[in-house]
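Colleague: Mind having a look at this structure? Questions to follow.
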Amino acid sequence: MSWSSPGGPGRLAGDGAVVARAPAKVNVHLAVGPLRSDGFHELRTVYLAVSLFDTVTVRPGDGLSLTVTGEGTTGSGADAVPTDRRNLVWRAAELLAEQAGVPADAAITIDKSIPAAAGLAGGSADAAAALVALDALWGTHATRGELTALAARLGSDVPFSLLGGVALGSGRGEQLSPVLARRRWDWVLGIAGEGLSTPVVYAELDRLRAAGRVPDGGELSAPDPVIAALRSGPVPALAAALGNDLQPPALSLRPDLRRALRAATSAGAVGALVSGSGPTVAALAEDEDSAVRLTAALAGEGVYRTVRAVHGPVPGARLVG
Ligand code: C5P
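With positions in the sequence shown counted from 1, the corresponding number in the working numbering is that position plus 114.
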C-alpha cells in the first residue's frame, strides 16, 4: 500500500473538529455458505444503505480517547458499546495511523442513532465514518481504495459502510460490486429491545444445519431476482425476492421475532425480513406515505422498542459540514 506523505490537516471547523457520518444497511438478500476454515462463511449478499446515520466527530488530541452518545449506549448485553480498544472505531484509528505513519492522536465522539447489535451494521458505520474523518483530521490523504482495504481488515461490512448505495457482496461480504438502483425504496425498521451477537447467530445457523433443520448452504441462492427487482420494481417484486439465511437462526434464538414479522405484514408491509443477523425487522412499504402510516401502526403494536421510517439507497461514509 502506498501512502502519500501527510499533507497537513484536512477540513477543520471551529475547534478543529472534523465530522463524518455513515449509514445503516439492510441485507435485502443474504445467502450464507458453509463455514470456511478461517471462521467466516462465504456470502452472496445484496446490501442497501438506508437513511439512519451515526455521526463521528474527531478533534485533535493527545493519544486516543472515545466517547459514545445517543441510542444504544446503555445496553449491558450484546448491544453494549465499548469505549476502548474493543470498539471498532478505536481499531480503525490505530490501523489508519499505523498505515499512514502518523501518531494516533484524536479525541473521538460517536453519536449513535443506529442501535448496536441490531443487524444494521452500526459498528461498521462508525468505523467507516471514523476512517473518513481521521483521514481528513490527520491529512493522511488515503485514496478510496486504500480506505476500502483498511475497512476490509476491520470487518466484513465496513467496506460497504464506506461505499453505500446498493452493492453485491461476496467473499465474507467485503468484496463489493456496485449495483444500479433507479428508484427509492421505503422501509420501516422495527428495532427490538435487546441486541443479538452476530457470531452467535452464525453459530446457531451452523447448529441448525448440522441438525438437518435448515438447508446446508452448499449452494448459495442467486441474488439476481433481488437485483432485477431493486433496479426497477415494482415493490411486490422486491418483496417476493427478499431472503435471508440468517433469519431462521435469529428466529430460533428469539422466537418473539415471528410475532414481530407477522405484525409488520398485518400492519400493511408489502414484505418483511430480519435485517442481517437481527433482531431488527425490515418492513418494506409501498411508498413514503405508506411508510409513515406503517411506522405509526407498528409503534402502537408494542412489539418493538423503536420504529423508524427510512429510505434507501443513500451514500456511504462522508464528511459533513
Ligand atoms: O467481519 P465481522 O468482524 O463483522 O464478523 C463478525 C463475526 O461474524 C465473525 O467473527 C464470524 O463469526 C461471523 N461472520 C461469519 N461469516 C461472515 C461474516 C461474519 O461467520 N461472512
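Here a beta-carbon is modelled for each residue, glycine too, at the ideal position from N, C-alpha and C.
Cα separation between residue 329 and residue 220?
Modeller: The residue you call residue 329 lines up with position 215 of the sequence shown. The residue you call residue 220 lines up with position 106 of the sequence shown. Distance between the alpha carbons of residue 329 and residue 220: 47 Å.
Colleague: Relative to the C-alpha of residue 345, which residue among 209, 351, 429 and 295 is closest?
Modeller: Against the sequence shown, residue 345 aligns to sequence position 231. In terms of Cα proximity to residue 345, the closest of 209, 351, 429 and 295 is 295.
Colleague: What did DSSP end up calling residue 175 once you bin it into helix, strand or coil?
Modeller: Counting from one through the sequence shown, the residue named residue 175 turns up at place 61. In the structure shown, residue 175 sits in coil (DSSP, three-state: anything other than H, G, I, E or B).
Colleague: By Cβ distance below 7 Å, which residues in the same chain neighbour residue 134 in space, the five residues on each side in sequence not counted?
Modeller: As a first step, residue 134 is located in the sequence shown; it is residue number 20 there, counting from the start. The answer, listed in chain order, is 170, 243, 246, 247, 431, 432, 433 and 434.
Colleague: Relative to the alpha-carbon of residue 162, which residue among 332, 182, 337 and 404 has its alpha-carbon at the smallest distance?
Modeller: As a position in the sequence shown, residue 162 is number 48, starting the count at 1. Considering only alpha carbons, the answer is 337.
Colleague: Along the chain, where does the beta strand (DSSP E) that runs through residue 133 open and close?
Modeller: By 1-based counting over the sequence shown, the position of residue 133 is 19. Residue 133 -> beta strand (DSSP E) spans 132 to 149.
Colleague: In three-state terms, what does DSSP make of residue 249?
Modeller: In the sequence shown, counting from the first residue as 1, residue 249 sits at position 135. Look at residue 249 here: in three-state DSSP terms it is helix.
Colleague: Any idea what DSSP makes of residue 121, helix, strand or coil?
Modeller: As a working note, residue 121 is residue 7 in the sequence shown. Residue placement at residue 121 is poorly supported in this model, since its pLDDT is 46, which falls under 50; the coordinates are not used for a value here.
Colleague: What does residue 391 pair with, by DSSP beta-bridge criteria?
Modeller: Translated into the one-based positions of the sequence shown, residue 391 becomes position 277. Paired residue(s): none; residue 391 is not in a bridge.
Colleague: From this set, 427, 300 and 318, which residue's C-alpha is nearest residue 408's C-alpha?
Modeller: One-based indexing of the sequence shown puts residue 408 at position 294. Considering only alpha carbons, the answer is 300.
Colleague: Which residue marks the beginning of the alpha helix (DSSP H) containing residue 297, and which one marks its end?
Modeller: Reading the sequence shown from its first residue, position 183 is the one you call residue 297. Element bounds for residue 297: n/a, residue is neither H nor E.
Colleague: The ligand C5P heavy atoms versus the CB of residue 323: any closer than 7 Å?
Modeller: Within the sequence shown, the letter at position 209 stands for residue 323. No, the ligand C5P has no heavy atom inside 7 Å of this Cβ.
Colleague: Which residues bound the alpha helix (DSSP H) around residue 326?
Modeller: By one-based count along the sequence shown, residue 326 stands at place 212. Residue 326 -> no alpha helix (DSSP H), and no H or E assigned at all.
Colleague: On a Cα-Cα basis, can you pick out the residue from 321, 262, 361 and 340 that is closest to residue 355?
Modeller: Sequence index remark: in the sequence shown, residue 355 carries index 241 (1-based). The residue from 321, 262, 361 and 340 with its alpha-carbon nearest to that of residue 355 is 340.
Colleague: Would you call the CB atoms of residue 322 and residue 367 closer than 8 Å?
Modeller: Taking the sequence shown and counting its residues from 1, the one referred to as residue 322 is at position 208. Taking the sequence shown and counting its residues from 1, the one referred to as residue 367 is at position 253. No; because the gap between Cβ atoms is not below 8 Å, this pair is not in contact.
Colleague: In whole angstroms, what separates the C-alpha of residue 206 from that of residue 289?
Modeller: Position 92 of the sequence shown holds residue 206. Position 175 of the sequence shown holds residue 289. Computed Cα separation, rounded: 19 Å.
Colleague: Nearest CA to the CA of residue 144: which residue from 373, 422, 136 and 158?
Modeller: Counting from 1 along the sequence shown, the entry for residue 144 is found at position 30. The candidate whose alpha carbon is nearest that of residue 144 is 158.
Colleague: Is the beta carbon of residue 198 sitting closer than 8 Å to the one on residue 238?
Modeller: Along the sequence shown, read from residue 1 onward, the residue named residue 198 stands at position 84. Along the sequence shown, read from residue 1 onward, the residue named residue 238 stands at position 124. Contact: no.
Colleague: Skipping 5 residues on each side, what residues in its chain have a beta carbon closer than 6 Å to that of residue 377?
Modeller: As a position in the sequence shown, residue 377 is number 263, starting the count at 1. Excluding residues within five positions, the ones whose Cβ falls inside 6 Å are 415 and 417.
Colleague: Count the other CB atoms within 10 Å of the CB of residue 115; is the residue buried (16 or more) or exposed (fewer)?
Modeller: Mapped onto the sequence shown, residue 115 falls at position 1. Reliability of the predicted coordinates at residue 115 is poor, the pLDDT of 46 falling under 50, and no value is obtained from them.
Colleague: Cutting at 7 Å between CB atoms, please list the residues of its own chain near residue 320, excluding the five before and the five after it.
Modeller: Sequence index remark: in the sequence shown, residue 320 carries index 206 (1-based). Excluding residues within five positions, the ones whose Cβ falls inside 7 Å are 149.
Colleague: What does residue 161 pair with, by DSSP beta-bridge criteria?
Modeller: Counting from 1 along the sequence shown, the entry for residue 161 is found at position 47. Residue 161 pairs with 141 and 281.
Colleague: Using CA coordinates, which residue listed in 165, 142, 138 and 173 is at the minimum distance from residue 130?
Modeller: Here residue 130 refers to the residue found at position 16 of the sequence shown. Nearest C-alpha to residue 130: 173.
Colleague: Would you mind listing the beta strand (DSSP E) stretches within the region 369 to 423 that are 3+ residues and don't spill past its ends, in chain order?
Modeller: 385 to 388 and 395 to 398
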